[in-house]
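Residue numbers (the UniProt record's numbering): 1 to 292.
Structure, as structure tokens:
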């Protein structure tokens, strides 16, 4: 579904990260499953066609025109069921939208939060109006207007406000195997925290409680689901992934131990050293020396 005509994916990603915004038209596509995994970007899609959207622990059957709001903190996949699937997509970072000093986090919006209503059924009249907004964004994106960023924020906010006035889709089914779906969402969210690319952007989700809060569920519910499906506690999965990342940073970067500790969410290097030795049986400095 997410084909960018005559533009390499790497070029598109670089431009997106530079500007924090992009809007484009969805081309016709055959039946396929697309899994979106960008860590930093929110998504608004206006699409016409038949599809199934898996979002958190729910699956939405859609036909006709829908408006979809994707949160980068919530794993989701999109399965197109019709051979013709058209519309528009807008991608933007929270930093881009909040440059105008908005105070409320997008994650608290009913359109973007995990227990919210990310899919809205759109009438033909509403589709024509929203089409116009997306088309205007595409045209303005090409222009040299000095205040283009502000104009794009206005368009995004207008779409959000239009959506807040609409009724959410009720055509969804709870996953039959709720534990399996919750576990899948948790594991994908865990993997999305990595790799750590900068010591200035430390790991945000460090505990089972952090993940449960991000997924808008009680930590006991998350723990039961993950243990039932994988046989291992939530904390064990988190610990193993942090250790894997720590080894990679020790062996493949020139960051000092303090920088690595901070990047992985440890307040003090001593805490990181004790954690690493307890899990691996050796200390971080010894592993780095071995790598050299």
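The beta carbon of each residue, even a glycine, is placed where N, CA and C say it ideally should be.
Any idea what DSSP makes of residue i, helix, strand or coil?
| i | result |
| --- | --- |
| residue 166 | coil |
| residue 53 | strand |
| residue 91 | strand |
| residue 145 | coil |
| residue 134 | helix |
| residue 153 | helix |
Provide the residue(s) that pair with residue i in DSSP beta bridges, ordered along the chain.
| i | result |
| --- | --- |
| residue 67 | 46, 120 |
| residue 22 | 91 |
| residue 41 | 93 |
Going by beta-carbon coordinates alone, are residue i and residue j separated by less than 8 Å?
| i | j | result |
| --- | --- | --- |
| residue 212 | residue 218 | yes |
| residue 223 | residue 234 | yes |
| residue 79 | residue 51 | yes |
| residue 203 | residue 250 | no |
| residue 189 | residue 237 | no |
| residue 140 | residue 148 | yes |
| residue 280 | residue 243 | yes |
| residue 257 | residue 285 | yes |
| residue 65 | residue 119 | no |
| residue 240 | residue 195 | no |
| residue 44 | residue 69 | yes |
| residue 156 | residue 205 | no |
| residue 67 | residue 81 | no |
| residue 283 | residue 275 | no |
Length at least 4, wholly inside the UniProt domain "HTH araC/xylS-type" (180-290): the alpha helix (DSSP H) runs in chain order: Complete alpha helix (DSSP H) runs here, min 4: 208-214, 219-230, 234-252, 257-263, 269-280.
Cβ pair count under 8 Å reaching 3, the region 80-99 against the region 19-28: At 8 Å Cβ cutoff, the stretches touch.
Contact the region 254-269 vs the region 222-240: 3+ CB pairs below 8 Å: Taking 8 Å as the limit for Cβ pairs, the verdict is that the region 222-240 does not touch the region 254-269.
Contact between the region 126-136 and the region 70-80 (3+ Cβ pairs under 8 Å): Two segments are said to touch when three or more pairs of C-beta atoms, one from each, lie closer than 8 Å; by this definition the region 126-136 does not touch the region 70-80.
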